[in-house]
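Following: one structure in structure tokens, then a few remarks.
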Amino acid sequence: MYVYRYRSSNLLSQKGLLYDEWYFASKEELNDPIDMQSKFEFSGDWTRILTSLWENDHEAKIAAAYLTKIGPVSYEQLIIDFHAHKEKIIERVFSNRHFSLMELSKLENSLEHLLALLNLYAPGSGYSISLSRTNSDMLMWSHYAASHTGFCLTYRPINGCLNQCPIRKKDSLAVATNHLSSVSAAFEIEDINYKDQLHPIDAFSLLPVIYTGYSFDSESSRLEYHKKVREQLLTKNKCWQYEQECRLMLRQPTKWISGCSAYNSLQRLFYYDFSQVTGIIFGARMSSQDKEAIRNIISHKMLDKYKNILGGKTYVFDFLYQQAEICPSSRSVKIVDLDLYLMGSILKPGSAQYADRLDRWRRGEGMAIENGNFSYDPIL
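Just so you know, we're using the numbering used here here: the sequence shown kicks off at -11 and counts up by one.
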């Protein structure tokens, strides 16, 4: 039902809470160096692609034989080691014969053309926001909430998604001059899979069909291919399984279409719909000063929560404060329920209606407002 986001209690996290900020991180900014890394491998014959690219068939066949022999090699590793491979290909082409500087220059240009093609069609990874399906894991509190001194936000998904703030949502991002990439108002929550090895995907599938002849037999095979690529970006090693992670994903621009394959940091800053934040959990070691600061932020936001309701459908959920405690006997994290904020009132534990409203909160129940009409129909 709920998903969670662990945060430290520093000023940056408090600012993010105050302004409903999401930051989509690149794979280079993640703490796992192989996270969001797909596995595309070249393991077939290079002859067709090089004879299609190069004018000199003899040189193309020598280079193709070399590249075929070093396979299987990952797309990423081939680019990293390309200049070393380039020198070896030049040695093989000109072994045991004299050659002119013009011949050398032409071969070097052909190889640089190949490298440019590889860079242009290199697989992207995209950007992500990490969430969790658990709010009570000891390691999660230790690693992502500053050793239990931070807090954890509780989000209530709607139709499996978390939405952008309707007032500050981004419909598109500028990629290049006169080129915009559309962005959805709702981000799907996607679960991470855990396995230590990835089955390689044919790297030739990334290159233009005019050079490779690679094509899909049917629409279903094309969809299966893209599903497999997506699954690789959502796979981490088993050692991370305790995180029970799920993610929001932001697609990367396609370089061969736009000439650019990255968004800058400001473009990756989004604003979420605070109405889907339905609770906050204080860490077991969180200071009273930090708790007070967080409560002040939440109180301010709860007052403004219903002032800017736009046309269309809006959902209203109760908001629950909770406290994480360390149980000495079980050596585990225990979550204790505290105040429950309703629309215009606050219920304390033990007060009238508290137990009933808490049960409703646990079931994810809420109220829908549309064109001035109120509905308590089930919310998915």
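For each residue, glycine too, the CB sits at the ideal point set by N, CA and C.
As the structure is a computational prediction, the values presented were derived from the model and not from experiment.
Annotated three-state conformation of Leu330 is coil, per DSSP. Selection Ser169, Pro337 and Arg319 evaluated against Gln240 yields Ser169 as nearest (Cα-Cα). Every unbroken stretch of the beta strand (DSSP E) spanning 3 or more residues and falling wholly within the segment 149 to 210 is given here in chain order: 149 to 151, 160 to 164, 167 to 170 and 174 to 176. Counting along the chain, the unbroken beta strand (DSSP E) around Trp10 starts and ends at Glu9 to Tyr11.
Here Phe362 carries a strand assignment [DSSP, helix/strand/coil].
In this structure, the beta-carbon distance from Trp34 to Leu55 falls below 8 Å. DSSP places Ser40 in the uninterrupted alpha helix (DSSP H) bounded by Thr35 to Leu41. Nearest to Glu16 by C-alpha distance, out of Arg156, Ala250 and Leu(-1), is Ala250. Around the C-beta of Gly247, fewer than 16 other C-beta atoms lie within 10 Å, and the residue is accordingly described as exposed. Just so you know, the alpha carbons of Val61 and Phe30 end up roughly 5 Å apart.
About 10 Å separates the CB atoms of Leu195 and Phe28; that is not less than 8 Å, and the two are not in contact. DSSP places Arg348 within a helical segment (H, G or I) once states are collapsed to three. Secondary structure note for Ser287: its alpha helix (DSSP H) is the uninterrupted segment Ser276 to Asp292. With fewer than 16 neighbouring CB atoms inside 10 Å of its own CB, Leu368 falls in the exposed class. About 7 Å separates the beta carbon of Ile268 from that of Ile286, a gap short enough to meet the 8 Å contact definition.
Where Arg235 is concerned, the enclosing beta strand (DSSP E) starts and stops at Glu233 to Leu238. Rounded to the nearest whole angstrom, the CA to CA distance from His101 to Asn252 is 28 Å. Per DSSP, reduced to three states, the secondary structure at Lys301 is strand. Linking Val304 to His288 through their CA atoms gives a straight-line distance of about 17 Å. Ser31 sits in coil when the DSSP states are folded into three classes, being neither helix nor strand. Taking all protein chains shown into account, Val324 has fewer than 16 neighbouring C-beta atoms within 10 Å of its C-beta and is therefore exposed. Pro111 sits buried, since 16 or more C-beta atoms from the chains shown fall within 10 Å of its C-beta. Of the residues Lys224, Tyr(-6) and Trp349, the one whose Cα lies closest to the Cα of Tyr182 is Lys224. Around the beta carbon of Ala104, a 10 Å sphere encloses fewer than 16 other beta carbons of the protein chains shown; the residue is thus reported as exposed. Burial check for Cys140: the Cβ neighbour count within 10 Å reaches 16 or more, so the residue is buried.
Looking at the backbone, the Cα of Leu236 and that of Asp190 are separated by about 26 Å.
With a cutoff of 8 Å on beta-carbon distance, Ala133 and Arg319 are scored as not near each other. In terms of CA proximity to Leu95, Arg80 leads the group Arg80, Tyr109, Gly354 and Leu106. Cys153 places its beta carbon 8 Å or farther from that of Ile177. It is roughly 19 Å from the alpha-carbon of Thr39 to the alpha-carbon of Phe70. The residue from Ser160, Lys301 and Gln220 with its alpha-carbon nearest to that of Asn359 is Lys301. In the structure shown, the three-state DSSP call for Lys224 is strand. Separation of the CB atoms of Ser120 and Glu233 is rounded to 6 Å, and the pair is thereby assigned contact status at 8 Å. If you ignore the 5 residues before and after Asn361, its C-beta comes within less than 8 Å of no other C-beta in its own chain. In the three-state reduction of the DSSP assignment, Met355 falls in the strand class. When secondary structure is reduced to three states using DSSP, Leu141 falls in the strand class.
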